[in-house]
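In the working numbering, the protein residues as written are 90 to 244. C-beta: ideal position from N, C-alpha, C; glycine also. These numbers were taken from a predicted model, which means no experiment stands behind them. Worksheet for the structure shown next.
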Amino acid sequence: MRLGPAPETRPRDALKVKTRSPFLGATAVNLSPAVVEELQLDMPAQAQGDGVIIAQAYSPAQPSAANQVFVKDYRAQYKKDPPQFAAQAYAGVQVLRAAVAMGKGTSATAVQRGLGRIVSTKTVLGTIRFPGSSREAAYPATVQQVAGGKLVLAP
């Protein structure tokens, strides 16, 4: 088996050949420093990364009412947009709150019972579902695109 070039070389290669195909990136928080530097994602004046499409677990731009309340409260407290990990942690607490309600108590047994009863619950990430017997959480990804050096929701 032959592996392709390291992911760090892809944006540079695409820019050299002037391809019109969109570049699909990893989640922005997992991009290697070399890719971030190459795409100049932190420099809005540089549009070299424009068109890069990135799937992420979260975006403050998600339009749901629950997310917009979370973003407003987070900005008021911290004076910046919430990062993905803050939203995921908050969603975890929302799932725990649903488990307490479904299990009718806060004891370990009640919470475990409640977690087993949750089929889906609304969170800042969207509706989290627990399909099948695996009980692995599933929720919609956010697809973003680099435009003008910034991440925006993809059309």
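Close CB contacts of S209 within its chain, under the 6 Å cut and outside five residues either way in sequence, are with T216 and R218 (chain order).
Within the same chain, and ignoring the five residues on either side of R206 in sequence, the residues whose Cβ sits closer than 6 Å to its Cβ are M191.
Classified as buried, L240 has 16 or more neighbouring CB atoms from the shown chains inside 10 Å of its CB. Sequence-distant partners of K193 (beyond 5 residues in either direction) whose C-beta falls short of 7 Å from its own C-beta, in its chain, are A199.
Taking the Cβ atoms as the reference, Q177 lies roughly 12 Å from T231, outside the contact range of under 8 Å. In the DSSP assignment, Q234 is bridged to I142 and V241. Secondary structure note for T210: its beta strand (DSSP E) is the uninterrupted segment S209 to T212. In the DSSP assignment, T216 falls within the unbroken beta strand (DSSP E) covering G215 to R218. Under the criterion of beta carbons closer than 8 Å, A175 and T212 do not qualify as touching, at roughly 13 Å. Taking all protein chains in view, the Cβ of V184 is crowded by 16 or more other Cβ atoms within 10 Å, so the residue is classified as buried. In this structure, the beta-carbon distance from A227 to P220 falls below 7 Å. Rounded to the nearest whole angstrom, the C-alpha separation of S153 and G238 is 24 Å. Assignment of beta-bridge partners to A227 by DSSP yields R218. Between the C-alpha atoms of V189 and T195 there is a straight-line separation of about 6 Å.
Residues I142, V232, Q233 and Q234 of the same chain have their beta carbon placed closer than 8 Å to that of A243, with the five preceding and five following residues left out of the count.
Across the structure, Y179 and A197 are spaced so that their CA atoms are roughly 20 Å apart.
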